[in-house]
Amino acid sequence: MSRRQLWSKRMALVGVWTCLLWMTGYVWPWAWEDLRSLWTAGVKEWLRNPGIISSAKESLTSILAWPIDVWYAAVSECNQLQDEAVAVTAFFAQVNITPMSAVLAFLACLACGVVARCFFRRRSRGQGEVTAYDAVLAFDSLAQFLATGEIKLLQFAASKFEAMQEQRVRIVAVVGLFDKGKTWLTNKLFGKNLPSGKLFTTRGLSFLWVPERRMLVLDSPGVQGTVSYKSRDVDAILDARTTESMMFDMICKISHHVILVVNDNTWLEQEYAAMLLRVFGEGLIVVHNMRMWGVPYGENTKAGRLFNKKNCEYLMQQLELVPKFFLVETAPELDKGVQELKVEYDEYTAVQGKEPEVEGDYVVRGVMKLVSPRQDAQITMKKQGVISRLGEIIAHDVSFEPCANVFDQRVEDGTERLIQIECPGVSEEDIDWEELSNGVKVTIKKEKRIDEAVVQPVQPIMQNHGTWVRNFVFDHSDGRFELRGAEDFSLDQGVLTIKLHKSSQSRRGKVGRHVTQPLPTLLTSTAQSSLAGFEVVSAAEKEAPEGGEEL
Numbered sequence: 001m002s003r004r005q006l007w008s009k010r011m012a013l014v015g016v017w018t019c020l021l022w023m024t025g026y027v028w029p030w031a032w033e034d035l036r037s038l039w040t041a042g043v044k045e046w047l048r049n050p051g052i053i054s055s056a057k058e059s060l061t062s063i064l065a066w067p068i069d070v071w072y073a074a075v076s077e078c079n080q081l082q083d084e085a086v087a088v089t090a091f092f093a094q095v096n097i098t099p100m101s102a103v104l105a106f107l108a109c110l111a112c113g114v115v116a117r118c119f120f121r122r123r124s125r126g127q128g129e130v131t132a133y134d135a136v137l138a139f140d141s142l143a144q145f146l147a148t149g150e151i152k153l154l155q156f157a158a159s160k161f162e163a164m165q166e167q168r169v170r171i172v173a174v175v176g177l178f179d180k181g182k183t184w185l186t187n188k189l190f191g192k193n194l195p196s197g198k199l200f201t202t203r204g205l206s207f208l209w210v211p212e213r214r215m216l217v218l219d220s221p222g223v224q225g226t227v228s229y230k231s232r233d234v235d236a237i238l239d240a241r242t243t244e245s246m247m248f249d250m251i252c253k254i255s256h257h258v259i260l261v262v263n264d265n266t267w268l269e270q271e272y273a274a275m276l277l278r279v280f281g282e283g284l285i286v287v288h289n290m291r292m293w294g295v296p297y298g299e300n301t302k303a304g305r306l307f308n309k310k311n312c313e314y315l316m317q318q319l320e321l322v323p324k325f326f327l328v329e330t331a332p333e334l335d336k337g338v339q340e341l342k343v344e345y346d347e348y349t350a351v352q353g354k355e356p357e358v359e360g361d362y363v364v365r366g367v368m369k370l371v372s373p374r375q376d377a378q379i380t381m382k383k384q385g386v387i388s389r390l391g392e393i394i395a396h397d398v399s400f401e402p403c404a405n406v407f408d409q410r411v412e413d414g415t416e417r418l419i420q421i422e423c424p425g426v427s428e429e430d431i432d433w434e435e436l437s438n439g440v441k442v443t444i445k446k447e448k449r450i451d452e453a454v455v456q457p458v459q460p461i462m463q464n465h466g467t468w469v470r471n472f473v474f475d476h477s478d479g480r481f482e483l484r485g486a487e488d489f490s491l492d493q494g495v496l497t498i499k500l501h502k503s504s505q506s507r508r509g510k511v512g513r514h515v516t517q518p519l520p521t522l523l524t525s526t527a528q529s530s531l532a533g534f535e536v537v538s539a540a541e542k543e544a545p546e547g548g549e550e551l
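Using UniProt numbering, the letters of the sequence shown correspond one by one to residues 1 to 551.
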């Protein structure tokens, strides 16, 4: 709130008090005395004494008739006088008020005008022009997508964002649970007026284009939303869970930065934040919506003056600087029937004078279609699944995500950094590694143990499978870590352990001097003897065909 609005409110309060004083002390003194006598008489006296009731009627009649009588009397007498000063004096004498009461009346009218102006301004602001999303990927239900086989890409008709043109943008996703203030935060950060509240639900993946920052803000309905039971073809709760989980995976893959909005900071929100932190690392920003404290963001409050603008600038600065940091990648479904399914994108263009399809204020720019090579194939939603990262049972089962721990321990010849990955049901042939500049890349592939096509499940089959890839790269300020031998890898009872040795010494010398003594080495006799059986394969040799020339 600005100082001008604050002074307007103060003037309105002063005017209201002035109006009350003027009414009670000057304008209606006789009516006020009658009303006060009625108040002191009591309800019983009113009912028993008919004179009180008639007096009340006369008082109310005099109150209503007084402005009309004053107006006609003052106007008729003023018209008979030529001198303006005499007319003004006669007016005050006729209405039986002093000049001071006239000033108070003027201030009261002015205050009422200010109050009405503030009221209508706030009402017009609340009902102002609503900002529309520039593009919407209308994906609301996985079951509906399988039934119709298409997802429409909608674009606002008056939007300047070129959805069909390839360009470099940064995608900022605003995520969180259902009805936690995601759209409200977007409005505050970017100065928009997107519809929000319990009466509005964001549709699918909605995108807002911010051209001055080259940002594409992604808004979603949120997790744990309401469920409609109108459709009985598939379990509505299972469909909602699967759709939310699938949309979350899509957001994680396409977003550069993520803003998580929490409200009550419940255990579910904390688990959601921890899961996003594992995926995005430093690219995650958590915003606590303190709406239970009223309006702490108000500009006229002390907290608002100190922190409101700074918080917005800090968040925008973080969106400018934080890196993209992905840790989890999943492989496509290995089942042959699923591999035959393809998703094709058809772009709608104005060809041969055909008008594009219109849905409200949006124009259909393209359609994502699910195509099956077999015409007789029927695509249905699975009725069983696995436990997702949010602890929910979802229908799609490419969800292999082992738990990884990294820690240091002291040994005789220095420090070892251990990486332990819990991967039950995985053999040594399913694990690949690649040495990086200051770390290691691990790839674990877990196959299905049960062929669901040839068995009859008694209970829902829940099995995790897929390909898990993670780069364990450490900062050079922590030291230089390296692999020394094949014994640095071990798989015991479903736990993969990787040892990285920290080098405590480095090569030093003077420019122009020759090194006459051999460089010190940290390899022990055991480690040196094991190097003979330790083979380091480069990326080019790994991809070379068999029978090629060996280096």
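Quick reminder that beta carbons are idealized off the backbone N, C-alpha and C, glycines included.
- The straight-line gap separating the alpha-carbon atoms of phenylalanine 481 and glutamate 416 is approximately 8 angstroms.
- Put simply, the stretch 253-264 touches the stretch 170-189. At least three CB pairs are less than 8 angstroms apart.
- Here glutamate 162 carries a coil assignment [DSSP, helix/strand/coil].
- For leucine 189, there is no enclosing beta strand (DSSP E); the enclosing alpha helix (DSSP H) covers residues 182-190.
- For glutamate 422, the CB contacts under 7 angstroms within the same chain, skipping 5 residues up- and downstream, are Pro402, Cys403, Gly494, Val495 in chain order.
- When rounded, the separation of the alpha-carbon atoms in asparagine 405 and aspartate 492 is 15 angstroms.
- Residue pairing of asparagine 405 in beta bridges, as defined by DSSP: Gln420.
- Here valine 442 has Trp433, Arg470 as same chain residues with Cβ atoms under 6 angstroms from its own Cβ, once five neighbours each way along the sequence are excluded.
- Collapsing the DSSP output to three states places phenylalanine 145 in a helix.
- Going by DSSP, glutamate 482 is part of the beta strand (DSSP E) stretching over 480-482.
- Assignment of beta-bridge partners to glutamate 359 by DSSP yields Tyr362.
- The Cβ atoms of glutamate 166 and valine 367 lie no closer than 9 angstroms to each other.
- Around serine 206, the same chain offers Tyr133, Val136, Asp219 as residues with beta carbons nearer than 7 angstroms, after the five sequence neighbours per side are excluded.
- Taking all protein chains in view, the Cβ of methionine 247 is crowded by 16 or more other Cβ atoms within 10 Å, so the residue is classified as buried.
- Secondary-structure assignment with DSSP links aspartate 430 through no beta bridge to anything.
- The continuous beta strand (DSSP E) containing asparagine 471 extends over residues 466-473.
- Around threonine 131, the same chain offers Lys192, Asn193, Leu194 as residues with beta carbons nearer than 6 angstroms, after the five sequence neighbours per side are excluded.
- Judged by DSSP in its simplified three-state form, histidine 256 adopts coil rather than helix or strand.
- Burial is judged here by how many other beta carbons sit within 10 angstroms of a residue's own beta carbon; arginine 449 has fewer than 16 and is exposed.
- In this structure, DSSP gives glutamate 269 a helical state, which the three-state scheme calls helix.
- Leucine 260 counts as buried, since no fewer than 16 other beta carbons sit within 10 angstroms of its beta carbon.
- Taken through DSSP and simplified to helix, strand or coil, isoleucine 498 comes out as strand.
- Secondary structure of glutamate 412 (DSSP, three-state): coil.
- In the structure shown, glutamate 435 adopts extended strand secondary structure according to DSSP, grouped into three states.
- Isoleucine 444 is positioned such that its CB atom lies no closer than 9 angstroms to that of leucine 500.
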